[in-house]
Structures are given as structure tokens and as C-alpha cells.
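Notes to accompany the following structure.
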Amino acid sequence: MKEGFRQSMAWLHTWSGLLVGWILFMVFAAGTASYFRDEITLWMKPELHAAAPARVSQAEAIDLAQKTLEQRAGSSRRWFITMPSARNPALEAGWVPAPARGADPQARPKRRTFGSITLAPATGKELGKARATRGGDFFFRLHFDLHYMSALWGRWIVGFCAMSMLVAILSGIVTHKRIFKDFFTFRPARGQRSWLDAHNLSAVLALPYHLMITYTGLVTLMFMYLPAGVQAVYHDRTDAFYADLNGGPAADAKPSPQLAPLAPLGPMLDEASRIWHGAPVGRITVNHPGRANASVNLVLQEGRDMTQHLPNLSFDGVTGKRMSGAGAEGGGAVQARGVMYGLHVGRFADPLLRALFFLSGLAGCAMVATGLLMWAVKERPKHLKARQDGKVAKVGLGLRLVDGLNLGGIAGLLLAMPVLFWANRLLPSGGTGRADLEIACFFTAWGVAALAGLACPARWMWRVQLAIGGLLFAALPLLNAATGGAGLAASLKNGLWAVAGFDLVSLLLGMLLLYAAYRLGSRSVPRARLAGSAA
Amino acid sequence: MHSIPADPLPPSPHKARPRAAASPAYRAGVAARAIAAIGGGYLLAALSTRALALALPLSPVDSVVAATLTGLVVYPCAIMWCFAAASAARAWLGLAGASALVAIVLLLVRTFGGAA
Numbered sequence: 001m002k003e004g005f006r007q008s009m010a011w012l013h014t015w016s017g018l019l020v021g022w023i024l025f026m027v028f029a030a031g032t033a034s035y036f037r038d039e040i041t042l043w044m045k046p047e048l049h050a051a052a053p054a055r056v057s058q059a060e061a062i063d064l065a066q067k068t069l070e071q072r073a074g075s076s077r078r079w080f081i082t083m084p085s086a087r088n089p090a091l092e093a094g095w096v097p098a099p100a101r102g103a104d105p106q107a108r109p110k111r112r113t114f115g116s117i118t119l120a121p122a123t124g125k126e127l128g129k130a131r132a133t134r135g136g137d138f139f140f141r142l143h144f145d146l147h148y149m150s151a152l153w154g155r156w157i158v159g160f161c162a163m164s165m166l167v168a169i170l171s172g173i174v175t176h177k178r179i180f181k182d183f184f185t186f187r188p189a190r191g192q193r194s195w196l197d198a199h200n201l202s203a204v205l206a207l208p209y210h211l212m213i214t215y216t217g218l219v220t221l222m223f224m225y226l227p228a229g230v231q232a233v234y235h236d237r238t239d240a241f242y243a244d245l246n247g248g249p250a251a252d253a254k255p256s257p258q259l260a261p262l263a264p265l266g267p268m269l270d271e272a273s274r275i276w277h278g279a280p281v282g283r284i285t286v287n288h289p290g291r292a293n294a295s296v297n298l299v300l301q302e303g304r305d306m307t308q309h310l311p312n313l314s315f316d317g318v319t320g321k322r323m324s325g326a327g328a329e330g331g332g333a334v335q336a337r338g339v340m341y342g343l344h345v346g347r348f349a350d351p352l353l354r355a356l357f358f359l360s361g362l363a364g365c366a367m368v369a370t371g372l373l374m375w376a377v378k379e380r381p382k383h384l385k386a387r388q389d390g391k392v393a394k395v396g397l398g399l400r401l402v403d404g405l406n407l408g409g410i411a412g413l414l415l416a417m418p419v420l421f422w423a424n425r426l427l428p429s430g431g432t433g434r435a436d437l438e439i440a441c442f443f444t445a446w447g448v449a450a451l452a453g454l455a456c457p458a459r460w461m462w463r464v465q466l467a468i469g470g471l472l473f474a475a476l477p478l479l480n481a482a483t484g485g486a487g488l489a490a491s492l493k494n495g496l497w498a499v500a501g502f503d504l505v506s507l508l509l510g511m512l513l514l515y516a517a518y519r520l521g522s523r524s525v526p527r528a529r530l531a532g533s534a535a
Numbered sequence: 001m002h003s004i005p006a007d008p009l010p011p012s013p014h015k016a017r018p019r020a021a022a023s024p025a026y027r028a029g030v031a032a033r034a035i036a037a038i039g040g041g042y043l044l045a046a047l048s049t050r051a052l053a054l055a056l057p058l059s060p061v062d063s064v065v066a067a068t069l070t071g072l073v074v075y076p077c078a079i080m081w082c083f084a085a086a087s088a089a090r091a092w093l094g095l096a097g098a099s100a101l102v103a104i105v106l107l108l109v110r111t112f113g114g115a116a
């Protein structure tokens, strides 16, 4: 800006990163957790852990679902079935209730309540109604909708931060002269230099991931952020655009007055699986079951294809014959967007690849956190010097604010996340508004930690918050076993990898945080190294 | 020390950087650039998306998607331009020039008919 191109880009990198850094850290942390959204949800519903060792064929499971739905929701207009998978062992059957006959459309409640039932596929028993919880969906929503505000506002705020992040990444790359060398450079315990190295290392190590995740994150909501193109071509017919984009479903036709029994779903699943080279079916939608115009739509199980545009097949619900491939096939750009969308949510990935995504997400958290801390570390000597020279009496407001926000935004969040899991298990499992109460616990813990951080941005406060967060995380496996979940011994024995993985990752994260708290107290850490230490 | 040149490391204690940061003119410049970047940059991105969506020789849905994907890249580039330009005035001029160019293309596409 004042000097050369590189300098101005370094300036832009600093400020576009700092100003939105605390929100970005939360978005990264919650987004990283969302890779294991299903596993988190399962962990938070210990009542479902019993469904664990489900090894039944798709044909058996679908028969069970069809029988159950015919009994319970024979007059419903639409059924939804989610097949058991490695990530969620339960079979889920849901339905849209039949509209009350002759009811005044104005008098109907705004939100239709869906019926649903969760079954253990092996026994066909209904699993005890799981406790009310948002589960992993909370982190998933938090990372682009925020909370306690309208989702629209949340999305604009997160979009603004994400664009800032994209600018920070691009300008960060431009200022970098020795991107390859930095990859292999880490000089520990050397104060400011170490923070710079750590920032470079976490940024460069997973750079393709950071760029990909930031850009594709914007892509997921791009028609909201940048509707100019849709408006130019489709004017105000946005639903026509979305029908073109997603392959327009004609599912909302009226039910036929003629009755006809629904064909068995099992053979349809077999045929679909054959067409998909043996890959299993994930979701099934039955429109107008029991009517002459019934139709069945099968969607490939997630985790088989990179794009979020999952292949699907439609069948006639009465004859059981496959209907000619409905749904528009988009061209190259639509496919490209589908792949980018899929890359962002990472649901295609097998466990190992998903673990790599998770690690890259953690590297993203580290990149944001070290960047934030570095600003304070760089600023501090200037303030100290000014104070020594007698120019000012106290540390500047800006630095103190950044120190406090760093503490509350980083350590505070890492403390609040396990609090959510503790609340999930310790709050009584009945009662109204239980799910919201869990979330209120999360935000209360975070708020208290943030206020404490702002009031006293000192090193001991970092140690305290990191240690509490670490203890809470590390003790989660014990809590799980003690409060009705499948403990580590049981989950490992039964091959319930989702629950065992949650416990193990929590234990690891907890020990990491405890180690960080311990390190902050040891003498080998130079005084100048830590944000807040000298203040 | 090459990675973040604006603040060379380790800092030499005797050679303080010129503290131009405090002057009101400097602050006004930063504000002008920020407005150009956030507001003007978005305008340029939206205009380019609109023009591309109409001009690309693809199916309607494909041109919209391709144009929007491109618009998401135009925006950060415009922001970086605003802070890389030698002065705030030049940042504004550059944005205005680029926007005018895109607007002309848009007008031509509208007049002579594009894919839509």
C-alpha cells in the first residue's frame, strides 16, 4: 500500500485475517467437527447405541421398513426411508401425515409435523425414543447459520468472513517468497519467529485444502451471495432455475383417487444396486403409497461418489417397473458445482479420507489461531517500548482487546465445545426445550469464558481455560460409559466404530489441550512468546 | 524473514518504521479503499456474473452456474486490486474502468442477443 506490491498485500493479509479471525476460528472448528456430524449425533443419542451390530441385508431392512410404514402410515402422502449404513446403524422411517379431510387450509399449522420411527434393523424393534438433541447438526448449522439470529443474517455474516478469508489466503500466498522452504521450517521456542513458522507451516501444509474449503464454502451458498447471474437469465423465476439445477421433480402431483397396493420395494432396491454396480441404496422416497399413481425414488448411498449430485432412479410404485431416467442431467458447469459442493461437505469420503479432511480442518483452526496470536505477539514489543520510553502509561486498547478476544475466541470455544457434550448427558432426558437447553449451556460456557478472557487476558487464564477444556474432553469416554452409552470396551468389541472413534478423538484432543496448558507453564517457553503473557 | 516483508523479522530496534499509520490522510485512504473493495468490488463481480451468464454459449442453467463460479473469483481479485493500487483514487479509477468495460459487454450482449 505505502510501499511495494508485496508490502501492501502483507498489510491486506494481516487485516482481512485479523478482523474476522475469531468468527473464522469458530467456523473452522465447527465445520471440522461437522465432518463427523453423524457420529456426533449418534454419540449424543446413547439410546441408539444398542442398534450397533447391524449386519442385515438391504432387502431385509427395506421389508421391515415397508411393513412398519404400511401399518403406521398407510394413508400418508409420502414416506421417507433412510437405510442403515456404517455411519448410522439404525433404520429410519418417516412420513408426512395425511392432511385432515375438509380442514380449512388456513387453520392448518404452518409447519407440518413429520412422523418418524427409528428401528433396529436386526430385530425390527423400535428403538427407545432418543433424547431430544440437535446432535452434530448443531455444529453443522452453527458453522454457516450462526445461532440466536435469523439464518439469513448468519449466512451473510459468515459469507462476508469467508470472502475475507479468501482474500487473506490469496494475499498471503502473494506475499510469500519462499513457500517451499517454509514448508520445512520450524524454529521452536524463538518467540515471534516460532509463531510465524507455526502460522506458515499450518497454512502451507494444507494450503490446497484451505483454498478449496474456503472457495467451495462460498460456492455452497453462491446463488444467495451473488444472485446476479440467476436474475439475468431467469429473472424472478428462481424456482425454475432450481428445478433446472437439481433435475426438476414432478413429485407434488395430486394423489390419484384410485387405490392400488404398493409393489414390494425390495426388488427395486436390487435392480438399482445392480445398475450402480453393487453400491447400496441410501434414501428412498415413496410418493402417494397405496394409490394408483404411486412412485418410488431411490438415491444412491452417500459416500460412493464425489459429487453432491447423487444419482437416483425412479420406479412405478404399482408395477415396480423402472421409469425412464427422470431428472435433468446438467452440463459441465452444473457437474463442476456439484463436485465442489460435494468436496466441501466431504460426505463422499471413506473413513480414512474423512480423517484427513478432519486433520486438514484442524490445521485450518491452527492457521487462524496462530495468525491471530501472531498479531498480538508482534504488536506487544512496540507497546512495551512505548511504555519504556514513557510515551504511554498502559498497554493500548487495541492490543488488550485482541488479547482478550483471542483468549475467549480460541480457548473459550475449545472449552465450550465439550460442555455441550456434558450437558447432553447430564441434563435429564425428558422435558420440553431440552435440545435448546443443551445449546444454551454451550453458549453460557463460551460467554463466561470470553468475559473472563476479556477481563483478564493473562497467561494463567489461558492455562486455566485450556486445562478445563482438556479435562472435559479427555473425560468424555468415561462420561459416555457412565451415562448409558456404549463405553470404549463395548463399542470396540461390537465394532461400533462411530462411537469408539468419538471417544478416542475426544481423549486425544483433551490430552492435546492439557499438554498445551502444561507447556504454557513450563520455563522453557520464552516470556515474549505468548499472547497476554507480558500484559 | 521473506515471508512477511512488511514487518521484517527480527525487528531492528533502532530503525523504527515510519508511522504514517496515524495521519488522517492515511486513514481516509484506507477507508476509501475499503469502500471501493467491498462495495465496488461486489458491483464489478455482480456485473461480470450478469454479463457472463448472458454471453456464455451454454444451456441457461450451465451459463448461470459457470458465471456465478467466475464471479466468486472476480470479487477477491477486485478487492486485492483496491489495496494494491498506488493510491485510493487509482483504486477507484481501476474499478470504474473495469466495470464500464463489463457494462459495455453486457449492453452488447443484451442488444445483439446472447445465449438467453
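Residue numbers (my numbering), protein chains in the order written: chain C, 1 to 535; chain Y, 1 to 116.
Ideal Cβ positions, reconstructed from N, Cα and C, are used throughout, including at glycine.
Just so it is clear, the structure is predicted and the values come from calculations on it, not from any experiment.
Please name the residues in the stretch 65–97 of chain Y whose beta-carbon is closer than 7 Å to at least one beta-carbon of chain C, in chain order.
Those residues of the stretch 65–97 of chain Y that come within reach of chain C (Cβ to Cβ, closer than 7 Å) are Val65, Ala66, Ala67, Thr68, Leu69, Gly71, Leu72, Tyr75, Pro76, Ile79, Met80, Phe83, Ala84.
Is the Cβ of Y:Arg110 closer than 7 Å to any Cβ of chain C?
Closer than 7 Å: no.
Helix, strand or coil: how does DSSP classify C:Thr244 here?
In the sequence on display, residue 244 of chain C carries Asp and not Thr. Residue state, collapsed to three classes: helix.
How would you label C:Ser150, buried or exposed, when you count the other beta carbons within 10 angstroms and need 16 or more for buried?
Classification of C:Ser150: exposed, given that the 10 Å Cβ count is below 16.
Output, in chain order, the set of chain Y residues within a Cβ distance shorter than 7 Å of C:Val230.
Under the 7 Å cutoff, chain Y gives Val64.
By Cβ distance, which residues of its chain are closer than 8 Å to C:Leu565, with the 5 residues on each side in sequence left out?
As shown, chain C starts at 1 and ends at 535. That puts residue 565 of chain C outside it, with no answer to give.
If you follow the beta strand (DSSP E) that C:Arg551 is in, where does it begin and where does it stop?
Residue numbering for chain C in the displayed model covers 1 to 535; residue 551 of chain C lies beyond these limits and cannot be assessed.
What three-state label does DSSP hand C:Pro105 in the structure shown?
Below a pLDDT of 50, predicted positions are generally treated as unreliable, and C:Pro105, at 47, falls in that range; the measurement from the model is reported next regardless. C:Pro105: coil per DSSP, three-state reduction.
Does any C-beta atom of chain Y lie closer than 7 Å to the C-beta of C:Asp244?
For C:Asp244, the answer is yes, since a Cβ of chain Y falls inside 7 Å of its Cβ.
Considering only DSSP beta bridges, list what C:Glu126 is partnered with.
Answer is C:Leu119, bridged to C:Glu126.
Hey, does Y:Ser99 have any beta-carbon neighbour from chain C nearer than 7 Å?
Not closer than 7 Å to any Cβ of chain C, the Cβ of Y:Ser99 fails to qualify, so no.
Would C:Gln465 pass as a contact of C:Ala411 if the rule is Cβ separation under 7 Å?
In this structure, C:Ala411 lies closer than 7 Å to C:Gln465 by Cβ.
Here's the rule: buried if 16 or more other CB atoms are within 10 angstroms of the residue's CB, otherwise exposed. What is C:Arg529?
Residue confidence is low: C:Arg529 scores 45 on pLDDT, short of 50, so the model does not pin down where it sits. Its coordinate-derived value is still stated next. Its Cβ being crowded by 16 or more others within 10 Å, C:Arg529 is buried.
So C:Phe358 and C:Thr41 are in contact, right, with Cβ under 8 Å, and what is the actual spacing, rounded?
So it is not a contact: roughly 16 Å between Cβ atoms.
Counting only Cβ pairs nearer than 7 Å, list the residues of chain C close to Y:Ser59.
Residues of chain C passing the Cβ test: Gly331.
Going along chain C in order, which residues have a C-beta closer than 7 Å to the C-beta of Y:Arg27?
In chain order: nothing, as chain C lies at least about 12 Å away.
On the DSSP bridge list, what partners appear for C:Leu12?
None, per the DSSP bridge assignment.
What does Y:Tyr107 touch in chain C if you count any residue whose Cβ is under 7 Å from its own?
Residue identity differs from the one stated: residue 107 of chain Y is Leu in this sequence, not Tyr. Chain C residues near Y:Leu107: none, gap ~13 Å exceeds 7 Å.
Skipping 5 residues on each side, what residues in its chain have a beta carbon closer than 8 Å to that of C:Ile439?
Once the five neighbours on either side are set aside, the close Cβ partners of C:Ile439 are Arg134, Phe138, His147, Leu420.
What residues of chain C sit near Y:Ala32, judged by a beta carbon separation below 9 Å?
Residues of chain C passing the Cβ test: none, with the nearest at roughly 12 Å.
Assuming C:Tyr209 and C:Ser360 make a contact with CB atoms under 8 Å, what is their CB distance in whole Å?
Indeed they touch by this definition, with Cβ atoms about 4 Å apart.
Can you pull the chain C residues whose beta carbon is under 7 Å from the beta carbon of Y:Ala103, in chain order?
Chain C residues near Y:Ala103: none, gap ~13 Å exceeds 7 Å.
Closest to Y:Val61 by C-alpha separation, out of C:Leu413, C:Ala416, C:His235, would be which residue?
Selected option, being the one with the closest Cα: C:His235.
Looking only at its own chain, which residues have a Cβ that is under 7 Å from the Cβ of C:Phe5, when we skip the five neighbours before and after it?
Once the five neighbours on either side are set aside, C:Phe5 has no close Cβ partner at all.
Given that a residue counts as buried once 16 or more other Cβ atoms are within 10 Å of its Cβ, and exposed if not, what is C:Met323?
So C:Met323 counts as exposed.
Less than 6 Å between C-beta atoms, sequence neighbours within five positions excluded: which residues of the same chain meet that for Y:Ala37?
For Y:Ala37, where only same-chain residues beyond five positions count, the Cβ hits under 6 Å are Ile79, Cys82.
So C:Asn297 is in the alpha helix (DSSP H); what residue range does that whole segment cover?
Looking at the DSSP string, C:Asn297 is not in any alpha helix (DSSP H); the run it does join, the beta strand (DSSP E), is 295–300.
Going by beta carbon distance, what residues of the same chain come within less than 8 Å of C:Arg37, once the five residues before and after it are set aside?
The residues are Gly135, Gly136, Asp137, Phe139, Phe140.
Pick helix, strand or coil for C:Gly94, following the three-state DSSP scheme.
Reduced to three states, the DSSP call for C:Gly94 is strand.
Three-state secondary structure (DSSP) at C:Asn494?
Coil, per DSSP.
Using a threshold of 7 Å, state whether the C-beta atoms of C:Ala416 and C:Trp446 are closer than that.
The answer is yes: Cβ separation under 7 Å.
When you compare only the Cα positions, how much space is there between C:Ala240 and C:Arg337?
C-alpha separation (whole angstroms): 18 Å.
In angstroms with no decimal places, state the Cα-to-Cα distance between C:Trp95 and C:Leu69.
Distance between the alpha carbons of C:Trp95 and C:Leu69 is about 8 Å.
Show which residues of chain Y have a CB atom less than 9 Å away from the CB atom of C:Met9.
Chain Y residues near C:Met9: Ala6, Met80, Phe83, Ala84.
Quick one: which unbroken beta strand (DSSP E) runs of 3-plus residues sit fully inside the stretch 23–94 of chain C? Chain order, please.
For the stretch 23–94 of chain C, whole beta strand (DSSP E) runs of length 3 or above, ordered along the chain, are 78–82.
Anyone know if the C-beta pair for Y:Val109 and Y:Leu69 falls short of 7 Å?
No.
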